[in-house]
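Here is the structure we will look at, set down as structure tokens.
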Amino acid sequence: MAMTILYPVGSHLYVNLTNQCPCACTFCIRQNGDGAYGSDSLWLEHAPSFEEVKEAFSRWNLADFTELVFCGYGEPTEALELLLDTAAYAKTLEGCPSVRLNTNGLSDLIHGTATAHRMHGLMDTVSISLNAGTKAEYMAVTRPKWDNAFEAMQQFAVECKQYVPSVMFTVVDVISKEEIAAAQSLANQLGIPLRVRKYDS
């Protein structure tokens, strides 16, 4: 166990705030090891405090990066208050680049209330894991805690469009061409761009 809160991936600096997640995706990188992209272990020994997060930021020059990405070994919105506080803090730092949230889009279910509006002014991009184009395949691949996760994820995405400059869906290229086509169709219906990500083992 370690306390790797920030880790670089190319020109991006990633923020790892929690290991909690309400899903058990079949392709999750957590199944492959302790870290990602050559990082130290991303399994946090405890939930970091805001003070610990600020201390971690003090070791990096944000101007060296093109994007700050909230994405670690858990779902960032599980630690919603810390996520928002950290984003607000980062934007006060010299050289802070564009800020992106990578999320499963289930924040509203996690917290039992609407949360998209809280991203306003803090996130420049929200990237939501669509994972599949149909509910049946989504449930099979994502394996969320809730039966209505597919619908809640879409609702969160649509609401984010009101508050965040850039919103996108992603799928991983391990799913079938038919599912990618279904995902594209759904994304088109909701007016949200879709990006097909290469699976990183």
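In this note's numbering, the protein residues as written are 309 to 509. All C-beta atoms, glycine included, are put in the ideal place defined by N, C-alpha and C.
Expected contact under 8 angstroms - CB spacing of residue i and residue j to nearest Å
i: Cys468; j: Met427; result: 6 angstroms
i: Cys510; j: Arg451; result: The chain is shown only over 309 to 509; residue 510 falls outside these bounds and no answer can be derived.
i: Thr312; j: Asn324; result: 6 angstroms
i: Ala395; j: Val407; result: 6 angstroms
C-alpha distance - residue i paired with residue j, whole-angstrom precision
i: Ala444; j: Lys453; result: 14 angstroms
i: Leu376; j: Gly429; result: 14 angstroms
i: Gly318; j: Gly382; result: 20 angstroms
i: Pro501; j: Phe477; result: 6 angstroms
i: Glu402; j: Glu363; result: 15 angstroms
i: Glu487; j: Leu438; result: 11 angstroms
i: Ala460; j: Ser366; result: 36 angstroms
i: Val482; j: Glu359; result: 39 angstroms
i: Ala422; j: Lys506; result: 31 angstroms
N- and C-terminal bounds of the beta strand (DSSP E) containing residue i
i: Asn410; result: 406-411
i: Met476; result: 474-480
Option in the options with minimal Cα separation from residue i
i: Ile436; options: Gly413, Val449, Thr450, Gln328; result: Gly413
i: Tyr471; options: Thr374, Thr312, Ser366, Asp432; result: Asp432
i: Trp351; options: Val466, Ala310, Ser366, Trp368; result: Ala310
i: Ser474; options: Ser366, Arg503, Ala489; result: Arg503
i: Leu417; options: Pro356, Thr385, Lys506; result: Thr385
i: His320; options: Asn410, Leu391, Glu353; result: Asn410
i: Phe464; options: Val434, Asn496, His354; result: Val434
i: Ala440; options: Ala422, Ala398, Ser484, Cys404; result: Ser484
i: Tyr446; options: Lys506, Leu314, Thr334, Tyr322; result: Thr334
i: Gly271; options: Tyr397, Ala457, Phe373; result: Since the first residue of the chain shown is 309 and the last is 509, residue 271 is not available in this structure.
i: Pro316; options: Pro356, His354, Trp368, Glu353; result: Trp368
For residue i, the first and last residue of its enclosing alpha helix (DSSP H)
i: Ser493; result: 485-498
i: Met447; result: 443-450
i: His428; result: Where His428 is concerned, there is no enclosing alpha helix (DSSP H), given that its DSSP letter is neither H nor E.
i: Leu438; result: Leu438 -> no alpha helix (DSSP H), and no H or E assigned at all.
i: Leu502; result: Note, Leu502: premise wrong, no alpha helix (DSSP H); beta strand (DSSP E) at 502-505.
- Query: Which runs of the beta strand (DSSP E), 3 residues or longer, sit entirely within the segment 324-398?
  - Reply: 375-378
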